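Peer 1:
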Amino acid sequence: MITFYDITSKLDVKAWSPNTFKTRFALNYKGIPYKTEYVEYPDIASVLKNVGGAPTETKNGQDHYTLPAIHDSTTGKVITDSANIAAYLDETYPDKPALFPVFDNGKFETKAAILAFQSLFLEKWGAIRLVGLSGTHKILTPRSAEYFKRTRETWFGKPIDDFAPPGPEREEMWRNLKEGLSVISELLDQNVSKSEGKLFLFGDTLSYADIIVSSFILWLKLVVGPESQEWKDFEQWNGGRWAKLLDKTKDIQGGN
């Protein structure tokens, strides 16, 4: 059994993080049984150290621990970082649907293409980062919210309420995101696909690339609110492509 470490919230359905969504969606897509252990933000480092999880980065000589992480009791391994987890799941459970599919009898591998696509997507998605962070603070439990607020204010050097307040700067963030996602949309339109809207990077085959995009879109929906005008506008972008992708992946979004 896999134990999946996720970040808690005060939402009815606790899951919310785009990075942990990537692992949740991947586990669901591959049909691998798992249980979720929800963790408060200030406890992430101690929890991962206790189970033997590796830090995901080192800054100024200090190890930093982040989620997602999994502990696979079948192999005894603890894996951190969403991309590492995806690779591990494909390697360890090859009989399940592939996150990094291989085409043409093994002649065409997709991992490098997916990671390159991820870099491009995250570059464009960065336009809306401060909107997302300010919204995230509002859905966290009090203890996690205090930690999140304190650390992010240190990172950005200003109060979290000033990250993306209503007004021209916030509107510009949305315009920049729209422009960036239009680049992605034009790229996907080059596909030859039988599916309406050419939603997936590899035509009709879902891959980890589509899980990445769906994860961030669902996060955005949660933090700005599904009834907000911002979300309603977003749903219409690029012919509704992003809302359609989110709907297309709804069967792999749930979990315990």
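The end of the sequence shown is residue 908 by the numbering used here, with every number in the run present. No residue lacks a Cβ here, since even glycine has one placed at the ideal position from N, Cα and C. As the structure is a computational prediction, the values presented were derived from the model and not from experiment.
In three-state terms, what does DSSP make of I836?
Peer 2: I836 falls in the helix class under three-state DSSP.
Peer 1: Counting only the same chain and skipping the five closest in sequence on each side, list residues whose C-beta sits under 7 angstroms from that of V835.
Peer 2: Only K776 meet the Cβ criterion.
Peer 1: Checking 8 angstroms against the spacing of the C-beta atoms, do K682 and K748 come in under that value?
Peer 2: Taking 8 angstroms as the Cβ cut-off, K682 and K748 qualify as a contacting pair.
Peer 1: According to DSSP, is E689 helix, strand or coil?
Peer 2: Correct three-state label for E689: strand.
Peer 1: Check whether the region 801-815 touches the region 865-872, counting contact only when three or more Cβ pairs, one atom from each stretch, lie closer than 8 angstroms.
Peer 2: The answer is no - the region 865-872 does not touch the region 801-815, with fewer than three Cβ pairs under 8 angstroms.
Peer 1: Quick check on the burial criterion: 16 or more other C-beta atoms within 10 angstroms. Buried or exposed for P878?
Peer 2: Classification of P878: exposed, given that the 10 Å Cβ count is below 16.
Peer 1: Are the CB atoms of G787 and V844 nearer to each other than 8 angstroms?
Peer 2: It is not a contact, given that the beta carbons lie outside the stated cut-off.
Peer 1: Any idea if M653 is buried or exposed, counting beta-carbon neighbours within 10 angstroms, 16 or more meaning buried?
Peer 2: By the 10 Å Cβ count, M653 comes out exposed.
Peer 1: Is it a yes or a no for the region 789-796 touching the region 882-895, going by three-plus beta-carbon pairs under 8 angstroms?
Peer 2: As far as the Cβ criterion goes, the region 789-796 does not touch the region 882-895, which means the pair count is below three.
Peer 1: Nearest-angstrom Cα distance between K714 and T727?
Peer 2: In the sequence under discussion, the amino acid at residue 714 is Gln, which differs from the Lys named in the question. Approximately 29 angstroms between the Cα atoms of the pair.
Peer 1: In angstroms, rounded to a whole number, what distance separates the CA positions of K900 and L870?
Peer 2: Cα to Cα, K900 sits roughly 12 angstroms from L870.
Peer 1: Can you give the Cα-Cα distance for H913 and D856, rounded to whole angstroms?
Peer 2: With the chain covering 653 to 908 only, the question about residue 913 has no answer from this structure.
Peer 1: Please say whether V691 and Y740 have beta carbons closer to each other than 8 angstroms?
Peer 2: Going by C-beta atoms, Y740 is not nearer than 8 angstroms to V691.
Peer 1: Quick one: measure Cβ to Cβ for T675 and P707, integer angstroms, because I've assumed they're closer than 8 angstroms.
Peer 2: Not really, about 17 angstroms apart at Cβ, beyond 8 angstroms.
Peer 1: Using CA atoms only, rank isn't needed, just tell me which of K873, I684, E761 and L751 is closest to S725.
Peer 2: Minimum Cα distance to S725 is reached at I684.
Peer 1: Answer yes or no: do W889 and K830 have a C-beta to C-beta separation smaller than 8 angstroms?
Peer 2: Yes. Within cutoff.
Peer 1: Could you tell me the boundaries of the beta strand (DSSP E) in which K711 lies?
Peer 2: Segment E709 to K711, the beta strand (DSSP E) holding K711.
Peer 1: Whole-angstrom Cβ separation of F677 and I904, contact assumed at under 8 angstroms?
Peer 2: Rounded, the Cβ-Cβ distance is 5 angstroms, consistent with contact.
Peer 1: In three-state DSSP terms, what is V865?
Peer 2: V865: helix per DSSP, three-state reduction.
Peer 1: Among all the DSSP beta bridges, which residues are the ones paired with H723?
Peer 2: DSSP lists T655 and V730 as partners of H723.
Peer 1: Looking at T762 and S859, is the spacing between their C-beta atoms short of 8 angstroms?
Peer 2: Their beta carbons are under 8 angstroms apart, which means S859 touches T762 by this criterion.
Peer 1: Check the C-beta distance from V730 over to V703 and give it rounded, since I have them as a contact under 8 angstroms.
Peer 2: The Cβ separation is near 5 angstroms, so the contact holds.
Peer 1: In the structure shown, what three-state DSSP assignment does E761 receive?
Peer 2: Note: E761 maps to strand in three-state DSSP.
Peer 1: Suppose contacts are defined by Cβ-Cβ distances below 8 angstroms. Is L872 in contact with I722 by that definition?
Peer 2: No, the pair does not count as a contact, with Cβ atoms beyond the cut-off.
Peer 1: With D715 as the anchor, note down where its beta strand (DSSP E) starts and where it stops.
Peer 2: Here the beta strand (DSSP E) through D715 covers Q714 to H716.
Peer 1: Using a threshold of 8 angstroms, state whether the C-beta atoms of P670 and Y799 are closer than that.
Peer 2: Result no, Cβ atoms of P670 and Y799 do not sit closer than 8 angstroms.
Peer 1: Assign V844 to one of three DSSP states: helix, strand, or coil.
Peer 2: DSSP places V844 in coil when its eight states are reduced to three.
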